[in-house]
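Student: One rule links them: number in the numbering used here = place in the sequence shown (from 1) + 2.
Ideal placement from N, C-alpha and C gives every residue a C-beta, glycine not left out.
For clarity, every value in this text was computed on a predicted model and none was experimentally measured.
First, the structure itself, so that you have it in front of you.
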Amino acid sequence: MKKKTKKRLKNLFSTLGVIFGFLLILMYAPFTARSGYKSNRYATILKDANLAADTPVVDIAMLGAHDAFSSKIGLFSAPDPAESGIVKNTLVNAVFKGGLVRVLKAQQNGAKTLLNRGVRYFDVRISYADGDWYTKHGLLDTKLNYYLKDIYEFLENKNSEFIIFDIQHIYTGESNINEFLDYLVNLRFKGNPLGFKNFINHTSAIPLKDLVYFDVLGPEHGGIILLLNDDGTATAEQKTMFYSRNGEGEVKAAIRSKWHNQRYVKKILPLIAEEVDYLKSLESLAFFRVNQAQLTPDYLKDPLGTLTRWSLINIAAMSNSLLVGHKAFDEWLEVMPIFMVDFANSRHGRFNVRVNEKIIAYNQSLNA
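As structure tokens, then:
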């Protein structure tokens, strides 16, 4: 009898141990369960397309990284000061931080890897916190200069490449846009005299509809097109550095990027189709058009689905592969040349290779 009781207790404790271990992993494990391509196969993706010098920049196809600078989000990341709700909830951060990290980390690798894997559009979120500028996605990621250093080094000797640096959201806190732009202009890295303005080879006095590929390239360096919303503090000189995201006065919005806020591919497909139809109905497409092809996990609306799919990176790996293989992909690319996703360098289903080859082929067709 005693032996049976001991055996039952042993089995019970073993079961409880497994359950407890599973809960610990569920609550605190930050790993995303995927790895992506890291080689430099698409480091010169625009050069490889043999784009004509007078190609309008708004018509150039490119791979976009959604919440591009979130690869450093981890268990010790602080909540973004601009956030409210679940991300700032003390209890949630204490018992489910790993779960938050898994759905807020949208890219597995930093700017260097993304650039080498063909990304030319960066969707960026920035917050001013503790006297410095940080990247973020719900939680603070790391200082912005971490990513800028890699971007400068990449563009320094690639005069065929340019990127779109789209500051989709910026929380200035006690600072302002004037001070942020001063930060960009004055930031330097040890051993490299180049700063942000060395890569702004054009002026926003050129209407976006007239801005062409050759305008944004330097004789030695690649280029950056900056998209930003002013808070009224930017000087006239600073305004020449960027195009207004949402438009200002008579100036039209520089970009259209519609968030679909869906959790599954079958739900996002009709919304992408609606966006295509809407854009086709416009008289002018003289602005950047982004196909927001990422999904949005939600612990509150779909707890089981979000938990079982584990991480935003894992969700993106599966959805990216399905979307790039969709029969309407070529039509999407023609109308919305920027194809933006989470986990842009995903190797699942050879996504990154397939999408970049389609992008190169499309850009080559612009010369036909």
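(1) Determine the contact status of F71 and G112, defining contact as a CB-CB distance below 9 Å.
(2) Would you mind giving the Cβ-Cβ distance between A256 and Q109, rounded to the nearest angstrom? I have them listed as a contact below 8 Å.
(3) Pull up the distance between the alpha-carbon of K40 and that of H139, whole angstroms please.
(4) For V89, collect the residues of the same chain with a Cβ closer than 6 Å to its Cβ; drop the 5 residues on either side in sequence, then sort them by chain order.
(5) Should N358 go down as buried or exposed, given a rule of 16 or more other Cβ atoms within 10 Å for buried?
(6) What does N194 pair with, by DSSP beta-bridge criteria?
(7) Under 9 Å between the Cβ atoms of A54 and Y364?
(8) CA-CA distance, Y123 and A67?
(9) Going by the beta-carbon positions, is the gap between K145 and D134 smaller than 9 Å?
(10) Does the region 115-130 come within contact of the region 161-168, defined as at least 3 CB pairs closer than 8 Å?
(11) Per DSSP, what are the beta-bridge partners of L228 in this structure?
(12) Distance, Cα to Cα, H223 vs F156?
(13) Kindly identify the DSSP beta-bridge partner or partners of G38.
(14) Where H350 and L325 are concerned, what is the direct C-alpha to C-alpha distance, given to the nearest angstrom?
(15) Does the distance from the C-beta atom of K107 to that of S313 stay below 9 Å?
Tutor: On the basis of the supplied data:
(1) yes
(2) The pair is not a contact, with the Cβ atoms about 23 Å apart (cut-off 8 Å).
(3) 23 Å
(4) P81 and G140
(5) buried
(6) DSSP, once it has assigned bridges, lists F191 as partnering N194.
(7) no
(8) If I take the Cα positions, the gap works out to 6 Å.
(9) Closer than 9 Å, so yes.
(10) yes
(11) F167 and F244
(12) 9 Å
(13) S348
(14) Using only the alpha carbons, I get a separation of about 12 Å.
(15) yes
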